[in-house]
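Each residue of the sequence shown is one higher than the last, beginning at 15 in the numbering used here.
C-beta atoms are modelled at their ideal positions from N, C-alpha and C, and glycine is treated no differently.
To keep things clear, I will list the structure first and then write my remarks on it.
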Amino acid sequence: MLRTHLCNELRTNHIGQRVCLSGWVDTIRDHGSVKFIDLRDHSGVTQVVFHDETMLRGINREAVISVTGNVLKRDDDTINQKLDTGLVEVHVEEMTLLGPCKNMLPFEISNSQSTREDVRLKYRFLDLRNPKIHENIVLRSKIISFLRRKMEELGFIEIQTPILTASSPEGARDYLVPSRKHKGKFYALPQAPQQFKQLLMVSGFDKYFQIAPCFRDEDARQDRSPGEFYQLDFEMSFAEQEDVLKVAEQVLYDTFMKFTDKFVTPPPFKRITYADALLQYGSDKPDLRNPLMISDLTEFFSRVEFPMFKNKPVRGIVANCVGKSRSFFEESLKFAMSIGMKGLGYITLNDGAFKGPIEKFLTDEQKIELIDTLSIKEGETLFFICDSAHIVNRLAGEIRNWLDGKLELIDKESFRFCFIVDFPMYELNPDTNKIDFTHNPFSMPQGGMEALETKNPLEIYAYQYDVVCNSVELSSGAVRNHNPSIMKKAFEIAGYNESDLET
């Protein structure tokens with residue numbers, strides 16, 4: 015027998031029992047006639063004690079051994095409250111070397127994450143022994159199992175779609191697999207199971223899901239491995255946008271509540287239009303942990319005799335900068351210049367009066383209007399961002415993020431969710447000055463055919479949506495355009511004719 019218990023299972027109720035443990039030698043401590051080993055397996059660590067030093071000849075760290083002995087209570091001065099097994103130890107009577115470690119380790123297992131990545135990849139089998147990495151992989155398995163159960167509870171069935179498929183235009187390059195039987199032809203690995211799940215819907219499978227592998231020949235991201243990743247993919251028949259969002263928020267909320275002790279936004283998640291996200295947060299991936307909001311002051315400054323802001327979009331951010339010295343505001347100006355701004359105006363409310371570079375251009379009535387409209391309190395500062403229409407929101411968003419970082423406003427013990435909705439269907443291509451699709455050309459336009467035939471294309475919204483958490487876009491989706499006539503009209507507006515669609 016190689017094992018009667020796992021290394022993290024032994025407790026005081028096992029005292030007096032004869033047990034067999036197997037695992038890796040984590041540490042070796044030599045106390046003269048007695049030697050101690052922390053024996054590690056996937057579950058944790060147990061201290062084992064050797065009274066016969068000949069047993070340990072040729073044994074070094076990361077060797078794989080099996081030991082048999084009796085469980086005893088530790089001496090009071092050796093109790094380790096940091097370990098689940100810290101009250102007991104195994105006194106070894108028999109030991110078998112299962113796998114020697116013949117070479118010096120290229121890095122410390124417990125510190126592998128601080129080692130160069132190329133070295134970690136070369137010795138990946140050692141890197142994966144790191145407890146933190148090991149825990150992450152186990153956590154991933156538990157999350158996937160939970161997601162499966164949750165989707166099944168909601169009436170979805172899991173269906174695996176093909177991995178070898180035909181190439182279709184997506185946002186990245188395909189990975190190609192040569193065909194053995196058909197010379198000169200290739201399969202493509204799917205970037206997403208898009209067409210297959212549409213086939214499932216028209217085939218009568220009402221609710222589908224899978225933990226779908228996606229293959230995209232693109233650079234690595236901070237939150238995504240290069241080449242391939244897995245996503246919870248689902249599709250619903252006879253569903254409107256709100257039906258899909260309700261499923262998404264229920265699954266996300268229950269999953270995060272299961273696996274974190276941090277605050278999680280309860281359903282319903284906030285719905286923020288794409289336009290409002292850009293205006294109020296300066297990004298379509300807003301971090302709702304940051305309490306600072308951006309205000310549109312364009313109309314206000316159209317009535318102010320300040321030439322720098324005249325006939326330009328202006329944004330304002332109110333922040334509590336009480337106690338901040340002059341150097342803070344100099345640093346804020348330096349940052350603004352580094353992101354392409356020409357300057358960063360501000361005024362601070364001190365003793366009931368505004369002070370700052372722009373104060374002299376405001377009348378008393380205008381100052382009162384700002385205080386009332388923006389609810390500015392004593393000691394707070396109003397920052398002004400002014401630039402051309404196509405970049406002013408982005409710049410305001412960067413100032414918002416910078417202020418958050420300097421003022422430490424974010425609640426890091428929370429996950430704040432929202433949905434971004436009402437994406438524009440079309441945009442004006444700055445290079446060609448022609449109408450283009452903004453994102454997903456196959457989504458249903460809001461208002462259907464009537465909107466396409468009567469509205470300015472730049473005023474048409476699509477049934478598209480993103481789910482965002484803490485400034486990270488977790489997923490995106492859309493209501494599919496299932497009407498061929500509406501599809502043709504939508505593409506016609508973007509400059510495609512019927513022959514283009516057929517090819």
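Endpoints, the beta strand (DSSP E) within which residue i is located
i	result
G83	V78 to K87
Y360	G359 to N364
A202	F200 to A202
A226	K221 to R230
D52	V48 to D55
S309	I308 to D310
I500	It is not in any beta strand (DSSP E) - I500 instead sits in the alpha helix (DSSP H) that spans P498 to I507.
E242	G241 to M250
D450	I449 to F451
V191	L190 to P192
L178	Run containing L178: none; DSSP gives neither H nor E here.
T287	K284 to T287
V435	F431 to V435
Residue i, buried or exposed, once every other Cβ within 10 Å from all chains shown has been counted against 16
i	result
R134	buried
R317	exposed
M15	exposed
N304	buried
S513	exposed
D40	buried
V435	buried
V486	exposed
L259	buried
M250	buried
G83	buried
R6	Since the first and last residues shown for the chain are 15 and 517, residue 6 lies out of range.
Own chain, CB closer than 8 Å to residue i, minus 5 neighbours either side, in chain order
i	result
K49	I42, R43, V63, F64, E67 and L70
F342	C335 and K420
P321	none
V261	L168, F248 and M250
E108	V81, T82 and G83
Sequence-distant residues of the same chain with beta carbon closer than 7 Å to residue i, five excluded per side
i	result
Y137	P120
F243	C228
L292	D298 and N407
Q255	Y477, Y479 and V493
D237	V486
DSSP state of residue i mapped onto helix, strand, coil
i	result
F456	coil
N334	strand
R329	strand
E23	coil
H28	helix
I424	coil
P471	helix
V102	strand
E394	strand
D301	coil
Q127	helix
G461	coil
M382	The sequence given here places Ile at residue 382; Met does not occur at that position. The answer is helix: DSSP assigns I382 an H, G or I state.
D233	coil
K13	Only positions 15 to 517 of the chain appear in this structure, which leaves residue 13 out of reach.
T60	strand
A403	coil
Q294	helix
A476	strand
S389	coil
R408	helix
M109	strand
I171	strand
V278	strand
V133	helix
Residue span of the alpha helix (DSSP H) that contains residue i, given as start and end
i	result
M165	P145 to E167
F273	Q255 to F273
P139	A small fix is needed here, since residue 139 is Phe in this sequence, not Pro. It spans R138 to D141 - the alpha helix (DSSP H) in which F139 sits, taken as one unbroken run.
Q209	Q208 to V216
F342	R340 to S352
S513	E512 to E516
Proximal residues to residue i (C-beta, below 6 Å), its chain only, five neighbours per side dropped
i	result
A403	P327
M458	Y477, V493 and N495
A206	C228
A350	L358
I51	V39, I42 and V62
Nearest-angstrom Cβ-Cβ length linking residue i and residue j, presumed shorter than 8 Å
i	j	result
I225	L203	Actually they do not touch by this definition, with Cβ atoms about 16 Å apart.
L466	A508	At roughly 11 Å, the Cβ-Cβ gap does not stay under 8 Å, so L466 and A508 are not in contact.
E313	F283	E313 to F283, Cβ: 31 Å. No contact.
I331	I353	Not a contact, Cβ separation roughly 14 Å.
T279	R430	5 Å
Short CB-CB distance (under 7 Å) between residue i and chain D
i	result
I413	The chain labelled as chain D is not found in the depicted structure, where only one protein chain is given.
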